[in-house]
Amino acid sequence: GLTEKPPIVRKLFDLAVDIGWRRFLYQQRRGAWSPALLLWPVLNRLVAAKVTEKLGGRLHTAISGGAPLPAKIARVFLALGVPIIQGYGLTETSPVLAVNQVGDNLPESVGKPLAEIELAIGEENELLARGRPVMLGFWNRQAETAQVIDSEGWLHTGDIARIDAQGYLHITGRLKDIIVLANGEKVSPADMEMAIAADPLVEQVMVIGEGKPFLSAILVPAQEQWRVWMNELGRDPDAVANYHDQTIHRHLIERIGEQLHDFPGYAKICALTVIKEPWSIENGLLTPTLKTKRSEVLARYDKDVKQLYQGH
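For the sequence shown, my numbering gives the first residue as 75, with consecutive numbering after it.
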């Protein structure tokens, strides 16, 4: 990986991402031109072109869907000249509702609605959709149809969203996944999980705390980064005891806190359990589309979770 390369190579890569991102913003008319952009032809030849060549050298557009694309990952690809765009849709909407365009790409969003699609934000910030691509209903299942399509023809997607002033759609979570704390505060775990997973130390994470006084997390570390971090802390990187060490947990909570600095005060991780085994389709903790099976994860680590809230 990049972490194993000499420092000069890592610095060159970081510089290519920095200048490439400025170039992308300039091309999108969201950033000003600067003399630093003159470095791009050299950085492209030394760094970016090698990445695009690894992808076949003729990639026109890369499309991401099915799960949120972390903005930091999108930024790296876009900075290196990989034209990745994110979209959003449902089977019930044939299937695309909104998508970014190569020339109009806000990577932290899923783009603007397609033609003949009407979007609205309903109660509890649920995304509603209406238009020709939206299904008429479930075949011979009128009761189920009535649950998702209201009398005005709006399809209730079950997704939490917002539409910004420029018309870009942002998906922020699922209604059914909302965590309600003991004090009544509501938290979208998906937002927090995406922010936490931006730390390269984190491979997988699930925020929990339904009905509890505070939020906790079940976390699977990225093994390579975990070993590096253990060495930095002066620990044996192979010691299983590290996963349960409370001092290490406190350090982890501090790192997580840095990732969540823009979140409200109640949306903080106060306790966690660290798991070595990654969640996968094979062990039943991920769906075929690689989404976390939240109830199965909770059931698998029920004992650990109960310990987190012991006395509360």
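Glycine is no exception: its CB is placed at the ideal position from the N, C-alpha and C atoms. Keep in mind the model is a prediction, meaning the values are calculated, not measured.
Do residue i and residue j have their CB atoms nearer than 8 angstroms?
{"i": "H244", "j": "E200", "result": "no"}
{"i": "A148", "j": "P181", "result": "yes"}
{"i": "W228", "j": "R204", "result": "yes"}
{"i": "L210", "j": "L193", "result": "no"}
{"i": "A264", "j": "G241", "result": "no"}
{"i": "I349", "j": "Y375", "result": "yes"}
{"i": "A291", "j": "I270", "result": "yes"}
{"i": "K342", "j": "G358", "result": "no"}
{"i": "G75", "j": "E277", "result": "no"}
{"i": "V208", "j": "T165", "result": "no"}
{"i": "L86", "j": "L120", "result": "yes"}
{"i": "Y383", "j": "K286", "result": "yes"}
{"i": "R368", "j": "D251", "result": "yes"}
{"i": "L255", "j": "Y340", "result": "yes"}
In its own chain, which residues sit with a C-beta less than 7 angstroms from the C-beta of residue i, not counting the 5 before and 5 after it?
{"i": "L111", "result": "I93, R96, R97, Y100"}
{"i": "P169", "result": "G163"}
{"i": "A122", "result": "A90, G94, L154, G155"}
{"i": "H386", "result": "K286, P287"}
{"i": "V222", "result": "L229, H230"}
Can you look up residue i in the DSSP assignment and give me helix, strand or coil?
{"i": "M266", "result": "helix"}
{"i": "E36", "result": "The structure shown does not extend to residue 36, since the chain spans only 75 to 386, so no value can be given for it."}
{"i": "Y100", "result": "helix"}
{"i": "Q278", "result": "strand"}
{"i": "K260", "result": "strand"}
{"i": "A235", "result": "strand"}
{"i": "P295", "result": "strand"}
{"i": "L255", "result": "coil"}
{"i": "S369", "result": "helix"}
{"i": "G247", "result": "strand"}
{"i": "L289", "result": "strand"}
{"i": "L307", "result": "coil"}
Apart from the five residues on each side of it in sequence, which residues of its chain come closer than 6 angstroms, Cβ to Cβ, to residue i?
{"i": "N174", "result": "I159, Q160, G185"}
{"i": "N214", "result": "none"}
Quick one: what's got a C-beta closer than 8 angstroms to residue i's C-beta in the same chain, skipping five residues either side?
{"i": "V156", "result": "V125, T126, L129, L133, A136"}
{"i": "F151", "result": "A136, I158"}
{"i": "V279", "result": "E267, I270, A271, A291, I292, L293, V294"}
{"i": "A313", "result": "M304"}
{"i": "W107", "result": "Y100"}
{"i": "S138", "result": "A148, I158, I159, Q160, G161"}
Since I believe residue j is in contact with residue i (beta carbons under 8 angstroms), could you give me their beta-carbon distance rounded to a whole number of angstroms?
{"i": "A272", "j": "Q333", "result": "6 angstroms"}
{"i": "C344", "j": "L275", "result": "In fact, because the Cβ distance is near 19 angstroms, the residues do not count as touching under 8 angstroms."}
{"i": "L360", "j": "L293", "result": "Actually they are not in contact, since the Cβ atoms of L360 and L293 sit about 15 angstroms apart, beyond 8 angstroms."}
{"i": "T363", "j": "G105", "result": "With a Cβ gap of about 34 angstroms, T363 and G105 do not count as contacting."}
{"i": "I253", "j": "G283", "result": "5 angstroms"}
{"i": "R324", "j": "P311", "result": "Actually they do not touch by this definition, with Cβ atoms about 19 angstroms apart."}
{"i": "I195", "j": "R236", "result": "7 angstroms"}
Runs of beta strand (DSSP E) lying entirely within the segment 122-210, each at least 3 residues, in chain order: 136-138, 158-163, 170-173, 191-195, 200-205
Quick check on the DSSP output: what are the complete alpha helix (DSSP H) runs of length 4 or more inside the segment 309-364, in order along the chain? 320-333
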